[in-house]
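For any residue, its number in the numbering used here is found by taking its place in the sequence shown, counting from 1, and adding 22.
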Amino acid sequence: MKKSVKWGALVVLGVLAAVSVASAAVQPLTAELIEVKPQTVAQVFKEEGIVEAVEDRLVYSPVGGEITRLAVQEGQKVAQGDLLVELSTKELEYQLAQLQAQLRSLAGQMEKSIQEIQQQVEEQQLALAETQRQLAKSREDYRRTKYLYEAGAATQVELLAAERAVEQLQNAAAQQESRLELLREQAGHRGQAAGQAAPALGSTGAGAARQYFQGQLEAVEAQISQLEYQIARSRITAPITGVVEELTAEEGMVIAPQVPLLKLAGDQGYEVNAYLLTEDVLPVKVGLKVTLIQKRRDGDYRFPGTVKAIAPAAVEKVSALGLSERRVKVTIRPEGKVPQLRPGYALDVEFSVLEQENKLAVPKTALFPYEGGDAVWVVRAGCARIQPVKKGLETTELVVIEAGLAAGDEVIKNPGLEGLKAGKRVRAGGRRG
């Protein structure tokens with residue numbers, strides 16, 4: 023009797039298990055469904071941007087020397103032309119005084135030298151005039167002696183003596199004329215007739231003496247001009263109106279030329295510079311609208327911006343992980359209600375590119391590989407069906423479906439749902455548009 027009761031119980035349990043399995047087989051599967059609708063899809067990514075002044079200027083020392091006065095401090099606002107730094111000019115002033123004295127000395131030497139040459143010219147003119155007078159008299163004596171010789175009243179010796187006297191005086195006059203011409207060249211009066219007086223000092227000319235001293239004078243004047251330029255540049259003024267930043271100069275510091283002293287951030291507003299990976303920058307164009315995000319304790323503040331400029335070349339940057347990357351500088355102009363910004367602030371820059379309107383898209387997680395392509399689970403007539411699809415644009419979360427789906431189709435969000443198979447009855451456990 024007991025044995026028959028046990029067998030009866032086992033039979034009942036078996037029947038109940040079979041009924042349970044049969045019931046589970048026909049029980050609908052609960053799944054979260056997504057209704058496919060046309061929407062705008064875009065590739066969205068973020069990069070860090072750094073706030074910088076629209077116009078900033080590094081201020082360098084054009085000359086070397088000791089800083090005797092520092093007229094500004096970091097954070098101070100200055101106007102264009104305001105004094106920033108003043109350098110000692112004592113050594114330059116000593117050199118300038120020496121050169122000015124040298125210039126006066128050279129001018130005096132030139133005047134004295136030219137006066138001496140002019141005096142020699144005058145003396146040579148007098149000597150030449152006397153020789154020419156003697157030559158004229160000697161020629162007259164020669165003509166008279168020749169006449170007497172032809173008349174038999176003078177000897178041949180007397181005639182030859184008179185002829186030699188003329189030749190000697192002619193040679194002497196020629197030598198004196200050459201000497202006079204040389205002196206005139208030195209004084210800068212070349213081509214002057216033998217009987218003319220020498221021009222006054224300072225008249226135009228290109229004599230050797232004048233050229234010699236003029237060259238020396240010009241060399242000293244050039245050195246004086248250079249020192250005067252350096253003295254004038256020892257007062258370093260603000261090239262633009264702005265705020266003093268990165269001040270490295272200190273009073274008493276001795277600096278070399280071209281040493282950076284400070285940085286001026288101009289008052290023309292701020293811009294944001296972000297460095298994008300070369301593969302990300304391709305769809306970014308000047309004029310693109312972006313979103314700037316300032317992180318705050320009370321919540322992120324979002325405001326618009328516009329791409330102002332894109333650098334023509336990439337530069338090498340090191341990532342936070344220490345990897346070397348090629349990135350392109352993109353400059354953004356903040357717009358709208360801009361919060362308080364200062365140079366060096368970090369903002370997130372959100373770029374939205376490759377925007378496509380009226381596109382059917384599903385979450386990337388809804389797709390799965392199928393027969394060498396991609397597919398999604400759709401619910402048609404209450405049952406699950408595999409639907410092959412053709413993918414288009416992919417974003418971080420969505421995939422555009424170019425073919426295979428229609429507006430209004432319901433897609434199962436989780437293709438790995440337990441018990442999901444073709445023909446399985448499905449009921450919505452949650453629905454998203």
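Don't be surprised by glycine CBs; every beta carbon is placed ideally from N, CA and C.
Values in this document were obtained by computation on a predicted structure and should not be read as measured data.
Using only CA atoms, which one of the options lies nearest to residue i?
i, options, result
"A194", "V352, A176 and R155", "R155"
"V105", "L283, Q49, V66 and L202", "Going by the sequence as given, residue 105 is Leu instead of Val. The shortest Cα separation from L105 among L283, Q49, V66 and L202 belongs to L283."
"A368", "I315, V303, E96 and A241", "I315"
"V337", "R348, G327, V329 and T328", "R348"
"G86", "I246, I258, T177 and G441", "I258"
"V312", "E357, A241, G441 and V448", "E357"
"N295", "L442, T328, E115 and S160", "T328"
"L204", "V143, A151, V433 and E185", "V143"
"L310", "I332, G291, Y297 and T300", "I332"
"K159", "K134, A129 and L191", "L191"
"A260", "L420, A101, L114 and S110", "A101"
"E88", "V107, G97 and E74", "V107"
"Q120", "Q245, G237 and L157", "Q245"
"V384", "G414, G404, R407 and Q362", "G414"
"P361", "V66, V73 and V242", "V73"
"E189", "A287, L157, R206 and Q198", "L157"
So, helix, strand or coil for residue i, using DSSP?
i, result
"R349", "strand"
"Q95", "coil"
"R447", "strand"
"A425", "strand"
"K359", "coil"
"T226", "Residue placement at T226 is poorly supported in this model, since its pLDDT is 38, which falls under 50; the coordinates still yield a value, given next. If DSSP states are grouped into helix, strand and coil, T226 belongs with coil."
"A64", "strand"
"A53", "strand"
"Q280", "coil"
"E419", "coil"
"A46", "Note that A46 scores 45 on pLDDT, short of 50, meaning its location in the model is unreliable and no value can be drawn from it."
"V303", "helix"
"V308", "coil"
"V107", "strand"
"V73", "strand"
"Y292", "strand"
"E144", "helix"
"L125", "helix"
"A244", "helix"
"K134", "helix"
"A368", "strand"
"R319", "coil"
"L239", "helix"
Look up residue i in the DSSP assignment and give the residues it is bridged to.
i, result
"A333", "According to DSSP, which records beta bridges pairwise, A333 is partnered with nothing at all."
"F390", "A397"
"D78", "A287"
"Q378", "V63"
"F325", "L314"
"V384", "V421"
"L298", "V350"
"T263", "T263 pairs with nothing; no bridge assigned."
"G87", "I277"
"K412", "A425"
"E440", "DSSP lists no partner for E440."
Any idea if residue i is buried or exposed, counting beta-carbon neighbours within 10 angstroms, 16 or more meaning buried?
i, result
"K285", "buried"
"E252", "The identity of residue 252 in the sequence shown is Gln, whereas the question assumes Glu. So Q252 counts as buried."
"Y169", "exposed"
"D320", "exposed"
"Q95", "exposed"
"K435", "buried"
"A196", "exposed"
"Y116", "exposed"
"K446", "buried"
"E393", "exposed"
"T52", "exposed"
"F390", "exposed"
"G71", "buried"
"T226", "For T226, the predicted structure reports a pLDDT of 38, less than 50, and the residue's modelled location is therefore unreliable. A value from the coordinates is still provided. So T226 counts as exposed."
"T387", "exposed"
"V34", "In this predicted model, V34 has a pLDDT of only 47, less than 50, meaning its place in the structure is not dependable; the value taken from the coordinates is given anyway. Burial call: exposed."
"S256", "buried"
"T353", "buried"
"G264", "buried"
"Y297", "buried"
"R324", "exposed"
"L202", "buried"
"L80", "exposed"
"Q233", "exposed"
"G224", "Model confidence at G224 stands at a pLDDT of 39, short of 50, so the residue's coordinates are unreliable and nothing is read from them."
"L5", "The question about residue 5 has no answer here: the residues shown for the chain are numbered 23 through 455."
Is residue i close to the ligand MN? I mean its beta-carbon at under 8 Å from any heavy atom of the ligand.
i, result
"G395", "This structure lacks the ligand MN, and indeed carries no ligand of any kind."
- request: List in chain order: all unbroken alpha helix (DSSP H) runs of 4+ residues lying wholly within the segment 149-209.
  value: Unbroken alpha helix (DSSP H) stretches of 4 residues or longer found wholly inside the segment 149-209: 178-209, given in chain order.
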